[in-house]
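Heads up, the thing below is written out as structure tokens.
2 protein chains.
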Amino acid sequence: MQFQQLVYFVAVAETLHFTRAAERVHVSQPSLSQQIRALEKELGAELFGRARGNVALTDAGEALLPTARRILADAETARHEVQELVQLRRGRVRLGAPPSLCTGLLPEVLRAFHDQHPGIELLIEESGSHDLVRELARGALDFALVVLPLPTPSPALTTVELLHEDLVVVSSAAAPGPRRPVRISDLRHEQLVMFRHGYDLRELTVAACRAEGFEPVFTVEGGEMDAVLGFVRAGLGVAVVPSMVAEQAGRDLRVTPLAPPGLRRTIALAHRSDVAPPRAARELQRVLFSTRAPSRTDRAGGGRTAGGVGIRA
Amino acid sequence: MQFQQLVYFVAVAETLHFTRAAERVHVSQPSLSQQIRALEKELGAELFGRARGNVALTDAGEALLPTARRILADAETARHEVQELVQLRRGRVRLGAPPSLCTGLLPEVLRAFHDQHPGIELLIEESGSHDLVRELARGALDFALVVLPLPTPSPALTTVELLHEDLVVVSSAAAPGPRRPVRISDLRHEQLVMFRHGYDLRELTVAACRAEGFEPVFTVEGGEMDAVLGFVRAGLGVAVVPSMVAEQAGRDLRVTPLAPPGLRRTIALAHRSDVAPPRAARELQRVLFSTRAPSRTDRAGGGRTAGGVGIRA
DNA sequence: TCATGTCCATAGGCTGTTCCTATCGTGGGG
DNA sequence: CCCCACGATAGGAACAGCCTATGGACATGA
């Protein structure tokens, strides 16, 4: 049984006329006759009574017709559904991102993406890089924005550098504080407001302080991004945050850059190496890079160079 | 899109392994790969992620799978339904017959047919030949048992002679009556119980009397077969009925044959010339002729010889 | 590190199918 | 009585599907 044969069969069933049916399906009349015959032979039953000038469905034809129609309709549906995915009219992207990026970068990017593809569902998982990497490996995420280097590098993940963020010090606009760029070592004498465990920023900041030979002092610790900024506003201390976050945090925060070499962190987009991300996810990747594309160096998760892992058209 | 491709696709989707899927559908692995590729190309989307040792459905594949399964199931259903008709496990026969045959011949035949094909629905229309011919032409019946010659002969109908029936006179067993064969002309002095208009037997009997030069006298008229026999039993008069009916009517009826040449009528099976009867109807035809097959002369409705209208195997 | 095995993709040749054009056979209508 | 309409048939060209053989990439174990 072939789809063609069913198409021909339905055409004849609807026109009750071989020649006209052949025209309708754009095939010669003998070809159509032949295919109908082949179908009849396969099914072991005549589908049409072919009395002179009076083509009519037999009972077998009558039995076949509704199912044939349904099969053809289903085939059309199948094509259509796949097409919707291809054309990004439908779909889903599961993106993981650290809280700082959810605050800073993502709103703008997701807005742009959603405007272009309103049918695509966006699922955001807000976690530290460690959790995100695990979720990626499980297949629970299509992509994750992560801070490089990865806490648990693995060749199973491919990362593509997205951007470098400068970290800055924020403090209460009301409180007296340094106007000039500060050095990390200056933080030895500051009271810090610190994120909860799991934030990449926490690990990064603490590591930087230790590299300078001191252990940072926290007045408050454990909050999420918004809470930390609120505590800083309230004068409880200073915090080290990405410049992008600081910029968006408002005027009642004083933003102080770090003196060179400062602190930078590299944000990358990570995905499993073994499966190509869904079409919609690749499209989000494209939007992500076109919105904010200061760096496009490909790096494998383990630190090895992984060529050719770019965006698939 | 081809059925084969969907079969292959489902096999790969279920095994997540090209080589094993190929074995399962009894095709070489390259052929299967090629068909999957062709399907992907036609749909414009990859259906599988082919990472080393990790074949997985893409979102497009995920979208296609349920519909593909449904299409294949429907195709199976279509084959099955047609097959049921072919194998006479299901179907319908619409048969028209005059009341005398419904009483005499049909019970036995239909019983035999039903025993062989319990899934076939039997619809009997009990009418005179005139009505039956009209219903046949309308397509409301597959077959009709009719009395020849047809009241309205037409080349649109094909008739096949089935049997000749002798007509006999029945009278009450209680009442005195002739023991020897009677002649038609003897009926001039009898009180007749007569069927309602529409019975072929009525037309035949009345015509026979008129041919003998007299108009028959009815004590009761208008009843159906059973009623007429009841009236005869009650001694209201005699009736002319087919011998087969008379035999089954019981012992309280006296059956008197007609003297030669007697009265015979020819029963034929009629169907439309332009469409082959459904499979189940042809099977009933076969049973009909094998149960009671004294005559098989083919005759066209108009009286012309119509060759090759036999039972299709 | 190298040999080996697994697994999917590719290449080339063969066969069967599908399609075409041309033609036939048969009823029905002018 | 001839012609027309319509489906069936015939024969040949183009194509698709399948096969075997082979390639290439990765994983595994000595």
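If you read the sequences in order, they're chains P and Z. Counting in our numbering, the final residue of the first sequence is number 316, and the numbers go up one at a time with none missing. Counting in our numbering, the final residue of the second sequence is number 316, and the numbers go up one at a time with none missing. Idealized CB from N, CA, C, for every residue including glycine.
1) According to DSSP, is Q119/Z part of a helix, a strand, or is it coil?
2) Does any C-beta atom of chain P lie closer than 8 Å to the C-beta of P121/Z?
3) So what does DSSP say about Y11/Z, is it helix, strand or coil?
4) Look at the alpha carbon of V150/P and the alpha carbon of E250/P, and state the distance between them as a whole number of angstroms.
5) Among G265/P, L287/P, P263/P and R282/P, which one has its Cα closest to the Cα of L272/P?
6) How big is the Cα-Cα spacing for V241/Z and C105/Z?
7) Would you say the stretch 229-249 of chain P touches the stretch 185-198 of chain P, given that touching needs at least three Cβ pairs under 8 Å?
8) For A177/Z, is the classification buried or exposed, using 16 other Cβ atoms within 10 angstroms of its Cβ as the cut-off for buried?
9) Taking R236/Z as the reference, which of P69/Z, D255/Z and F221/Z has the closest Cα?
10) Alpha carbon to alpha carbon, how far is R141/P from S276/P? Give it in angstroms, no decimals.
11) Would the stretch 280-294 of chain P count as touching the stretch 98-114 of chain P if we require 3 or more Cβ pairs under 8 Å?
12) For a contact defined as C-beta to C-beta under 9 Å, what are the partners of R151/P on chain Z?
13) Going along the chain, which residues of its own chain have a beta-carbon closer than 8 Å to the beta-carbon of F6/Z, five neighbours each way excluded?
14) Across which residues does DSSP place A100/Z in a beta bridge pair?
15) To which residues does DSSP link T18/P through a beta bridge?
16) Among all the DSSP beta bridges, which residues are the ones paired with Q318/P?
17) Would you be able to state if there are at least three C-beta pairs under 8 Å between the stretch 43-51 of chain P and the stretch 83-102 of chain Z?
18) From the DSSP output, which residues share a beta bridge with E168/Z?
19) Checking the sheet assignment: what are the DSSP bridge partners for F146/P?
20) Starting from the Cα of L67/P, find the closest Cα among L42/P, V58/P and Q90/P and give me that residue.
21) Short check: CB of L98/Z to CB of L160/Z, under 8 Å?
22) Rounded to whole angstroms, what is the Cα-Cα separation between H2/P and D203/P?
23) Got a sec, what are the start and stop residues for the alpha helix (DSSP H) G64/P sits in?
24) For S174/Z, which of helix, strand or coil comes out of DSSP?
25) Taking the alpha-carbon positions, what's the P184/P to G107/P distance?
26) Rounded to a whole number of angstroms, what is the C-alpha to C-alpha distance between F12/Z and A81/P?
27) What residues in its chain sit with their C-beta under 6 Å from that of R299/Z, if we drop five residues either side in the sequence?
28) Please list the partners that V85/P has in chain Z, where partner means a Cβ-to-Cβ separation under 8 Å.
29) Tell me the residue span of the alpha helix (DSSP H) that contains A41/P.
30) To the nearest angstrom, how far is the alpha carbon of R23/Z from that of Q32/Z?
31) Please state whether the Cβ-Cβ distance between L125/Z and L261/Z is less than 8 Å.
32) Quick check on the burial criterion: 16 or more other C-beta atoms within 10 angstroms. Buried or exposed for L153/Z?
33) With the cut-off set at 8 Å, would you say A279/P and L91/P are in Cβ contact?
34) For a contact meaning CB atoms closer than 8 Å, what does Q2/P contact in chain Z?
A quick look at the data gives this:
1) Position 116 of the second sequence, counting from 1, holds the residue named residue 119/Z. Note: Q119/Z maps to helix in three-state DSSP.
2) The residue given as residue 121/Z occupies position 118 in the second sequence. Taking Cβ atoms only, chain P never reaches closer than 8 Å to P121/Z, which makes this a no.
3) Stepping through the second sequence from its first residue, residue 11/Z is reached at position 8. The answer is helix: DSSP assigns Y11/Z an H, G or I state.
4) Residue 150/P sits at position 147 when you count from the first residue of the first sequence. Residue 250/P sits at position 247 when you count from the first residue of the first sequence. So the two alpha carbons sit approximately 20 Å from each other.
5) By 1-based counting over the first sequence, the position of residue 272/P is 269. Looking only at G265/P, L287/P, P263/P and R282/P, the smallest Cα-Cα distance to L272/P is reached by L287/P.
6) Against the second sequence, residue 241/Z aligns to sequence position 238. Against the second sequence, residue 105/Z aligns to sequence position 102. Roughly 21 Å between the two C-alpha positions.
7) yes
8) If you number the second sequence from 1, residue 177/Z lands on position 174. By the neighbour-count rule (16 or more Cβ atoms within 10 Å), A177/Z is not buried but exposed.
9) Against the second sequence, residue 236/Z aligns to sequence position 233. Here the closest residue by C-alpha is D255/Z.
10) The sequence position of residue 276/P within the first sequence is 273, counting from 1. The sequence position of residue 141/P within the first sequence is 138, counting from 1. Taking the straight line joining both Cα atoms gives about 12 Å.
11) yes
12) To locate residue 151/P, count along the first sequence from 1; it is residue 148. The question names Arg, yet the displayed sequence has Leu at residue 151/P. Near L151/P there are no residues of chain Z at all, since even the closest Cβ is about 23 Å away, more than 9 Å.
13) Within the second sequence, numbered from 1, the residue matching residue 6/Z stands at position 3. Correct list, in chain order: I74, L75 and A78.
14) Sequence index remark: in the second sequence, residue 100/Z carries index 97 (1-based). Paired residues: E129/Z.
15) Translated into positions along the first sequence, residue 18/P becomes position 15. Answer is none; T18/P lacks a bridge partner.
16) Nothing about residue 318/P can be read from this structure; chain P reaches only from 4 to 316.
17) yes
18) As a position in the second sequence, residue 168/Z is number 165, starting the count at 1. R268/Z, per the DSSP bridge assignment.
19) Here the question's residue 146/P lines up with position 143 in the first sequence. Beta-bridge pairing links F146/P to L98/P.
20) Taking the first sequence and counting its residues from 1, one reaches residue 67/P at position 64. Checking every option, the nearest Cα to that of L67/P belongs to L42/P.
21) Indexing the second sequence from 1 puts residue 98/Z at position 95. Indexing the second sequence from 1 puts residue 160/Z at position 157. Their beta carbons are not under 8 Å apart, which means L98/Z does not touch L160/Z by this criterion.
22) With chain P covering 4 to 316 only, the question about residue 2/P has no answer from this structure.
23) Position 61 of the first sequence, counted from the start, is the residue given in the question as residue 64/P. Its alpha helix (DSSP H) spans residues D62 to V89.
24) Here residue 174/Z corresponds to residue number 171 of the second sequence, with the count starting at 1. Three-state result, S174/Z: strand.
25) Sequence index remark: in the first sequence, residue 184/P carries index 181 (1-based). Sequence index remark: in the first sequence, residue 107/P carries index 104 (1-based). Across the structure, P184/P and G107/P are spaced so that their CA atoms are roughly 22 Å apart.
26) Walking along the second sequence from the start, residue 12/Z turns up at place 9. Walking along the first sequence from the start, residue 81/P turns up at place 78. Each residue's alpha carbon lies about 13 Å from the other.
27) Counting from 1 along the second sequence, the entry for residue 299/Z is found at position 296. Caution applies to R299/Z, whose pLDDT of 34 falls short of 50 and renders its modelled position unreliable; the value that the coordinates give is listed next. Same-chain partners within the cutoff: there are none.
28) Within the first sequence, residue 85/P is the residue found at index 82, counting from 1. The contacting residues are L46, G47, A48, A63, A66 and L67.
29) Your numbering for residue 41/P matches position 38 in the first sequence. Here the alpha helix (DSSP H) through A41/P covers Q32 to L46.
30) Position 20 of the second sequence, counted from the first residue, corresponds to residue 23/Z. Position 29 of the second sequence, counted from the first residue, corresponds to residue 32/Z. For R23/Z and Q32/Z, the distance between alpha carbons rounds to 8 Å.
31) For this step, residue 125/Z is matched to residue 122 along the second sequence. For this step, residue 261/Z is matched to residue 258 along the second sequence. No.
32) Position 150 of the second sequence, counted from the first residue, corresponds to residue 153/Z. Answer is buried; the Cβ neighbour count reaches 16.
33) Here residue 279/P is taken as the residue at index 276 of the first sequence, counted from 1. Here residue 91/P is taken as the residue at index 88 of the first sequence, counted from 1. At a Cβ-Cβ threshold of 8 Å, A279/P and L91/P do not count as neighbours.
34) An answer regarding residue 2/P cannot be provided, because it is not within the stretch 4 to 316 covered by chain P.
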